[in-house]
Structure formats: C-alpha cells, structure tokens
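K.L.:
Got a structure for you, written out below as structure tokens; questions coming shortly.
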Amino acid sequence: MKSPLNALASLAAMVGGFRSGSTVPAAGPFAAAPAPAVATPAVPSRVGWVRGRLRRSLVSSVFEGMTAEVVNATAGGAVLTAWALHLHASALVLGIVAALPFWSSWAQFPAAWLTSRTGSRRLAIVTVALSRQVLWPLVALPFLPLANTSKEAVLLAVSGASALLAVIGNNAWTSWMGELVPSSIQGRYFGRRTAMCTLAGAVGSLGAGAVLDFTRARGSENLGLSLLALIAGLSGTLSFFLMRRQHDPGRGPAAPFTWSTLLRPFGHRAARRLIAFLGSWNVAIGLSSAFFIVFELQDLRLAFTTLALLGIVTATLRILAAPFWGRAIDRFGARPVVVVCSALVTMIPLVWLFPTPARLWPVGVDAVLTGILWSGHNLATFQLPLSLAPREGRPFFLAAFSAAAGIPFAVAAAVGGLIAGGLPRHFLVLGHPFANFQALFALSFGLRLFAVALALRLTEPGARSITELGRYLARSAHLQPAPDSASPSSASAAPMPRAPGNRRKQA
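Numbering-wise, the sequence shown is residues 1127 to 1633 according to my numbering.
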C-alpha cells in the first residue's frame, strides 16, 4: 500500500489549470478583460456580410468550447488521478504536477504583454492549440519500455508545458472573445455557450469514468489511459480548426508598456483589497480542494463512474443556478454576491466530516451545495475584477488578480500535502474515527472564515448592500412575502446602474 503522502500527492494531480475554450469564461475568473465592441459600419451589404461571418464565428466558438471540455474530461481531473495511480509516482513528482497549473500563474503578466503586442486571435490559436497537442506523448506512454521514474518525467514535462501554454492562451483567448462577441449579446451568448460546454464536459467525464472503471476491472488500465489520451489529442486537433473558423474583429494599436502600468494594480486601494481576499481565499481552498477526491476514492471507496455522476449533478445545478445569480449580480452588484456565496461555501467542508462508506448522503449534499453556491461565487468573482479594473492597463490588473488566485493555491496545496502526510492515516476524535484528509477540511473551514472577513472589506462602484441581497434571496426562496411595489425596499429589485466597462459577467 502506498504511503498516505503518496496517495495524497497522486490524487492532488487531478487539479486542472485555467483553460481557454472551457466553460467560458470559467477558464479563470481573472483572465484578460474584453475590449470595447467594434462598431459595425451602417452599410446594408456590409452589415449582412459581417453578421454572417460573426454568426459562423459564434457557432464555431460553441463547438470549440465543447471539444475543449472533452479534452479536459479525458486528460485532466480524475484522469490525471488515474495516471498518477498507474505510475505509482513519488510524492515529490506528483506534488509538482498538482501545483504546475497554479505556479504557471506567474505567466499572467507576460501573457498580458504578449496579448497586447501580438494580437489576441493569433496568440490564442497558437498557444491554445499547442497546450492541447502536447498531450499526444501520453498516448504511447503506458507502452514505452521505460522505468516509472522516466514516465513520471514525461508526465511532468507534458503537464508543465500544457499548463504554461494554457495560461498564456487563456489571456489572449478571453481578450479575443471580448472583441468578437458584441456587448449587447455577451450575457446571453456566454450563458448558452456555458450550458453547452458544461453538458459536453459532464458527458465526457462520465464516459472517461466508465472507460477507467472498465479497463481497471480487467487489469488493462494502461490501455484505457492511452485511449483517453488519444481522444484528448483528436479533440484538441478539432478544436484548433474550430478556432481558425472564428474571425478577428480587429483591434486598435497596442498601448505602450511601462513599469508603472505593471505596478499600478498594487497602488489601487480597491484592487489591493481584492488581491488580499483572493490570496487568502485561495489559500483556504487550495489547502483541501485537491483532496476531496482522494477521500472519495480511497476512504469512501467510490468508483470513477460515481464521481462522474456526482459531477453531472453539480454541473446541472450550475446551469440552473447561473441565471438566478446573474440577475442578482445585475441588481445588487458582484460584491454582495461574493460575500454571501463565500460565507455559504465556507460551510461546505463541515459536510465532509460526516461521510463514511456506509453513510454517503453527505457527498450528495456537497454535490448540490457546490453546484448552487459555487455557480454564484464564480460569476461574482469574474465580474468584480472587471468592475474594479480601469480601462487603461486592465489586462495587467486582471493578471494581478489571477496571480493572486493561482500562486497561493499552489503553495497551499503543497502545504496541505505535507500536513496530511504528517498525520496518522486514521485517528479518533472524541471516539469518532477521522481520516487525515478530514483534518484538512476542518482547517480549510477556519481559513475560509478569515477570508470571508476580508471579503466584507471589498468595495465596488454602485453595489447595493448585503442586507438588500439577503431580502432578495429570502423572497426568492419564499421565506418572506414580496414587498409592495410602492414600498421603498422594492427599489432593490431594479437593475443596478452599471459602472463603465462592467458589462460582461461569467455565465
């Protein structure tokens, strides 16, 4: 049996990096911001041609996002976990693999500069395509006459290259989509695109789980892993051609780079508060997030297919909850939604103190809460940076926010592995058996409480109060009657005045 630290680190590799073309803009809530929409000349024939080309681009983008989710389902998440278990990777190597997507966040600033200098479409197509094509060596990896240590090196190289390219590509891709999709339809378009991508990801994850369970039961897991890598490579190739079908709407001249532009986010009071919140929040999340699946697979003995089914439940609830949270953000602002969702998400680790192989209902509760609450949290943490970042130097503001989220997460994940590895595999607390991973969940709960305190210090132009949002949530849940239309409190249902540039939200 592998040591606790090995098991912990191996399954930590399930953490995926930010991906362009995924459940967009969920490729990362702090990617590059959209540029102003390009006005279409008022010439009838020209308008018809542009609209036809735009329609083709938008449809292609939907299918590209769906193929990107297939890539992630067959080469990330639980599949990386299976690779780690198959190779019996050391704790050091697997800890590095787990942290690579987040250590790669340092590339956000060079990515913002590259995007501004080379053009978003060109850079996005090249880097996103390469981030998916580097997966091809994994097709042959299980059958190569190499020692496991050499195979670990290949896995590390592939994971590192893919993560770094994905960070650069995501910055460019998000800027490109901001220019391509007219501002008047961004919310509706990305909402529908998100639904389609989430569906594709859920189906892909279920299929990947079935393949892994089927081949593992027959002692041919190497064949299953190779097949999934092949599907990932082919899907990545298809996504490349779908990206090429999307046109470049054009952009203005690049703004000159200065060191003051790079450092400006750290001199902005509201931005500093957001950076502090993101850093503390991702420390709390990173400490435990990669290890929930460890607990499910090893302590609760769940199958990969079961994990995929739970993922479908979560994805379905995300799709259903996103429009509600989107309306709440439109009415009250992103800041109160961040605070409320953060406070509620903080409670989720407590659910994980109760499940056992004979008592699995808390896992179902987690799937429901995760789908509903993280949907609102992701939407709001995508919108809030856009609200705070000024137009001038915005890519560098958002790069700072992304780095503040990614690097602390990586450090916390490594620290979490060390903590769990230093604890007994199982121990008793007041006569109740606990696993070492559950100690991380309890610690994460405490750190999340601290992050929520920092969330209360966040500011946003035009945002309404948390109390008003609470009344809205209570009315939506039928916990209190709707106010009379003439009462002063009914004004909270009116759309919130939007700050300049605050026009796109995560769907």
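A virtual CB, placed ideally from N, CA and C, is assigned to each residue, including glycine.
Going by DSSP, what residue range makes up the beta strand (DSSP E) through L1554?
P.N.:
1552-1555
K.L.:
Taking the alpha-carbon positions, what's the R1583 to L1495 distance?
P.N.:
25 Å
K.L.:
Just to confirm, is the Cβ distance from V1260 to S1288 under 9 Å?
P.N.:
yes
K.L.:
Quick check: the Cα distance between G1502 and G1452, rounded to an integer number of angstroms?
P.N.:
8 Å
K.L.:
Suppose contacts are defined by Cβ-Cβ distances below 9 Å. Is A1653 in contact with A1397 by that definition?
P.N.:
The structure shown does not extend to residue 1653, since the chain is modelled only from 1127 through 1633, so no value can be given for it.
K.L.:
With a threshold of 7 Å on Cβ separation, who are the neighbours of N1562 within its own chain once the five nearest residues in sequence on each side are excluded?
P.N.:
P1130, A1546, L1549, P1550, R1551
K.L.:
Closer than 6 Å by C-beta to E1422: which residues in its own chain qualify, once you throw out the five before and the five after it? Chain order, please.
P.N.:
L1428, listed in sequence order.
K.L.:
By Cβ distance, which residues of its chain are closer than 7 Å to T1193, with the 5 residues on each side in sequence left out?
P.N.:
S1361, L1364, S1365, L1368
K.L.:
Do you know offhand how far L1353's Cα is from G1286's?
P.N.:
21 Å
K.L.:
Taking 6 Å as the limit between beta carbons, can you name the residues of its chain near F1535, skipping five residues before and five after?
P.N.:
F1228, N1408, G1412
K.L.:
Just confirm the distance between the C-beta atoms of T1253 and L1282, as a whole number of angstroms; I'd bet it's less than 8 Å.
P.N.:
In fact, because the Cβ distance is near 20 Å, the residues do not count as touching under 8 Å.
K.L.:
Please classify R1247: does DSSP put it in a helix, a strand, or coil?
P.N.:
Note: R1247 maps to helix in three-state DSSP.
K.L.:
Should the segment 1195-1214 be regarded as contacting the segment 1344-1351, the criterion being three or more beta carbon pairs within less than 8 Å?
P.N.:
yes
K.L.:
Which residue from I1474, N1296, P1559, A1199 puts its Cα closest to that of L1240?
P.N.:
N1296
K.L.:
Can you list, in chain order, the residues of its chain whose CB lies under 8 Å from that of V1196, leaving out five sequence neighbours each side?
P.N.:
Hits under 8 Å: A1326, G1327, G1330, I1357, A1358, S1361.
K.L.:
Compare the C-alpha of G1335 against each of A1199, A1540, V1491, V1537 and name the closest.
P.N.:
A1199
K.L.:
Are three or more beta carbon pairs between the segment 1584-1604 and the segment 1472-1492 nearer than 8 Å?
P.N.:
no
K.L.:
Check for me: the alpha helix (DSSP H) holding P1559 runs from which residue to which?
P.N.:
Element bounds for P1559: not the alpha helix (DSSP H) but the beta strand (DSSP E), 1558-1561.
K.L.:
Shorter than 9 Å from the beta carbon of F1228 to some beta carbon of chain B?
P.N.:
The question asks about chain B, but that chain is absent: this structure has only one protein chain.
K.L.:
Between L1306 and E1190, what straight-line distance do the alpha-carbon atoms span, to the nearest angstrom?
P.N.:
15 Å
K.L.:
Starting from W1407, trace the alpha helix (DSSP H) both ways and give me its first and last residue.
P.N.:
1395-1412
K.L.:
Where do the ends of the alpha helix (DSSP H) carrying S1591 lie?
P.N.:
Membership of S1591 in any alpha helix (DSSP H) is not indicated, and neither H nor E is assigned to it by DSSP.
K.L.:
Using C-beta distances below 8 Å, list every residue in its chain close to R1399, excluding the 5 sequence neighbours before and after it, in chain order.
P.N.:
So the list reads L1580, R1583, L1584, T1585, once near-sequence residues are dropped.
K.L.:
Specify the secondary structure class of R1485 as computed by DSSP and reduced to three states.
P.N.:
strand
K.L.:
Does the segment 1563-1576 come into contact with the segment 1267-1279, if we say contact requires no fewer than three beta-carbon pairs (one atom in each stretch) closer than 8 Å?
P.N.:
The count of Cβ pairs closer than 8 Å, one atom from the segment 1563-1576 and one from the segment 1267-1279, stays below three, leaving the stretches out of contact.
K.L.:
Exposed or buried, H1558, counting other C-beta atoms within 10 Å across all chains shown (16 or more means buried)?
P.N.:
exposed
K.L.:
My assumption, with CB atoms under 8 Å, is that F1522 sits in contact with R1390. Please give the rounded CB distance.
P.N.:
7 Å
K.L.:
Locate the alpha helix (DSSP H) running through D1456, then write down its first and last residues.
P.N.:
1430-1458
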